[in-house]
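In my numbering, the protein residues as written are 2 to 165. We put the CB at the ideal spot given by N, CA and C, even for glycine. Fair warning: this is a prediction, and the values are worked out from it, not measured in the lab. Below: the structure, in structure tokens.
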Amino acid sequence: MTREERFEAEALPLLRSLYGVAYRLTRNAHDAEDLVQETYLKAYRAFDRFTPGTSIRSWLFTILYRLRTDAFRKAGRSVKTQELTGEGPGVPPPQAALASGGEDLQRALDALPEVFRTAVLLRDIEDLSYQEIAEVLRVPIGTVMSRIHRGRALLRESLAERKP
2 MTREERFEAE ALPLLRSLYG VAYRLTRNAH DAEDLVQETY LKAYRAFDRF
52 TPGTSIRSWL FTILYRLRTD AFRKAGRSVK TQELTGEGPG VPPPQAALAS
102 GGEDLQRALD ALPEVFRTAV LLRDIEDLSY QEIAEVLRVP IGTVMSRIHR
152 GRALLRESLA ERKP
């Protein structure tokens, strides 16, 4: 199997998943398309360095996230974090409430600071493991766990405020 055939067989099936994350990160269809295109271009050029048998999904998400981070640096913008006050124990919201409030959930997700949104997206939407997320974001696994916990807490808080 040629390099091109391997790339098509392994990387292209993840296009929709990568686009979904790119769209949620950029909040713009055109920027998401550009980001995914850059991701695939960079991945194709470096495909000979990809280790077969490892997670191509994690590898592609790592490239996507690093390209997004580089774009922030170039734009002179920095990612902002937010301190939580008065946070109680983490209690997951009922799944039925999440399913019925899709629009509210999307708005709440969009309002999260990027570091928390990215961690929550990679875990809860893309189902990456904590270890894979740590590798993608280049942070310790404890930081990943903390960002996911804080992101979910902010989501719960935001969704609770929207209820009548």
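- Every alpha helix (DSSP H) of 4 residues or more that sits fully in the region 45 to 84 is shown, in chain order, as 57 to 76.
- When DSSP states are grouped into helix, strand and coil, D128 belongs to the coil group.
- R157 places its beta carbon 7 angstroms or farther from that of A120.
- Taking C-beta separations shorter than 7 angstroms and ignoring five residues to either side along the sequence, the partners of R28 in its chain run D111, following chain order.
- The continuous alpha helix (DSSP H) containing T144 extends over residues 142 to 163.
- When DSSP states are grouped into helix, strand and coil, A23 belongs to the helix group.
- At a Cβ-Cβ threshold of 7 angstroms, F48 and F8 count as neighbours.
- Using a Cβ distance threshold of 7 angstroms, I64 and A44 count as a contacting pair.
- By the C-beta density criterion, T40 is buried, having at least 16 other C-beta atoms within 10 angstroms.
- In this structure, the alpha-carbon of A10 lies about 33 angstroms from that of T144.
- A direct Cα-to-Cα measurement between A12 and G152 gives close to 29 angstroms.
- 7 angstroms or more divides the Cβ of F62 from the Cβ of V116.
- A direct Cα-Cα distance of roughly 7 angstroms separates V22 from L122.
- Rounded to the nearest whole angstrom, the C-alpha separation of L19 and S56 is 14 angstroms.
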